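K.L.:
Can you read through this structure? Questions will come right after.
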Amino acid sequence: AQTVTQSQPEMSVQEAETVTLSCTYDTSESDYYLFWYKQPPSRQMILVIRQEAYKQQNATENRFSVNFQKAAKSFSLKISDSQLGDAAMYFCAYRSAMDDMRFGAGTRLTVKP
Amino acid sequence: GAVVSQHPSWVICKSGTSVKIECRSLDFQATTMFWYRQFPKQSLMLMATSNEGSKATYEQGVEKDKFLINHASLTLSTLTVTSAHPEDSSFYICSARVPGQGPNTEAFFGQGTRLTVV
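In order, the protein sequence lines correspond to chains G and C. The numbering of the first sequence is my numbering, which starts it at 1 and goes up by one. The numbering of the second sequence is my numbering, which starts it at 1001 and goes up by one.
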């Protein structure tokens, strides 16, 4: 079974600064997909960024980028120029070709003004 | 993006009663939907995969007789918590993907349902 580990229960960043959230996963599959989701206080899950395992290039979406290290099974999220609206729970997720999605325990990000 | 609507947003029920939660894909047909449970300050735990026209696939440790899933149409899956008890109180979230677009596409989530059993 696949497992997703987020070792940082809480993180804090100053507004306009950069923060990196860690995620590691364990799998024996070669074909899979990785996601970062954001859950604000409303609890609506919002996709932040996605990465296909077969792609070596790290995904980027505006201020959000990932550092995907396939051999190390690591998938960290970097948020640049942090904004107050970035404060939320962030979940790393793994999806296999079998289509079910598994989530890490989450990291609560606080953004300080 | 695609819209998944979940209803109700919150519900309070008495212990021993049953409660039904609906998950609808509003602008696409979803052959597969997923039901998650989230305890306070914890992650989403996959409960079951709901398959249109067939039986749901439950994760290990999830009581299928307790959490009844019906996916009778391509746009609606329901989760019924039967004989609810206070320990069933939780946040339940459904999700679906637009079919035919590959597993790298995002899953769209409902707004979630907060169930409180008193």
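Built from N, CA and C at the ideal position, the CB exists for glycine as well. Bear in mind the structure is a predicted one, so any value in this text is a computation, not a measurement.
1) Taking Cβ-Cβ distances below 9 Å as the criterion, which residues of the segment 1022-1035 of chain C are in contact with chain G?
2) Can you check DSSP and say which residues form a bridge with Tyr-1058(C)?
3) Anything in chain G within Cβ reach of Phe-1091(C), meaning under 7 Å, just list it in chain order.
4) Which one of Pro-41(G), Ser-82(G), Val-111(G), Phe-103(G) has the shortest CA to CA distance from Gln-6(G)?
5) Grab me the residues of Ser-1025(C)'s own chain with a C-beta within less than 6 Å of its C-beta, minus the 5 sequence neighbours each way, in chain order.
6) Less than 8 Å between CB atoms is the rule here; does Thr-1113(C) satisfy it with respect to chain G?
7) Would you please state the rounded distance, in angstroms, between the beta carbons of Glu-29(G) and Val-111(G)? I believe it to be under 8 Å.
8) So, with DSSP's three-state summary, where would you put Leu-84(G)?
9) Which residues, in order along the segment 96-111 of chain G, keep a beta-carbon less than 7 Å from a beta-carbon of chain C?
10) Who are the neighbours of Ala-1107(C) on chain G, taking C-beta pairs under 9 Å?
11) Per the contact definition of three or more C-beta pairs closer than 8 Å, is the segment 88-100 of chain G in contact with the segment 1069-1084 of chain C?
12) Quick one: Cα of Lys-78(G) to Cα of Ser-1018(C), how far?
13) Using DSSP with H/G/I as helix, E/B as strand and the rest coil, what is Asp-26(G)?
14) I'd like to know whether the C-beta of Ser-1043(C) is nearer than 8 Å to at least one C-beta of chain G.
P.N.:
Checking against the coordinates, here is how it stands:
1) Along the segment 1022-1035 of chain C, going in chain order, the ones with a CB nearer than 9 Å to a CB of chain G are Thr-1032, Phe-1034.
2) When DSSP reads this structure, Tyr-1058(C) sits in a beta bridge with Ala-1048(C).
3) Simply Arg-43.
4) Closest in C-alpha terms to Gln-6(G), from the list Pro-41(G), Ser-82(G), Val-111(G), Phe-103(G), comes Phe-103(G).
5) Closer than 6 Å at Cβ, skipping near neighbours: Val-1004, Thr-1075, Ala-1096.
6) No - not a single Cβ of chain G is within 8 Å of the one on Thr-1113(C).
7) That belief does not hold up - the Cβ atoms of Glu-29(G) and Val-111(G) are roughly 35 Å apart, past 8 Å.
8) Note: Leu-84(G) maps to helix in three-state DSSP.
9) Those would be Ala-97, Asp-99, Asp-100, Met-101, Arg-102, Phe-103, Gly-104, Ala-105, Gly-106, in chain order.
10) Simply Phe-35, Tyr-37, Met-45, Leu-47, Ala-93, Arg-95, Met-101.
11) Result no; under three Cβ-Cβ pairs closer than 8 Å.
12) Spanning the two alpha carbons is a distance of roughly 43 Å.
13) Under the three-state reduction of DSSP output, Asp-26(G) falls in the strand class.
14) At least one chain G Cβ lies under 8 Å of Ser-1043(C).
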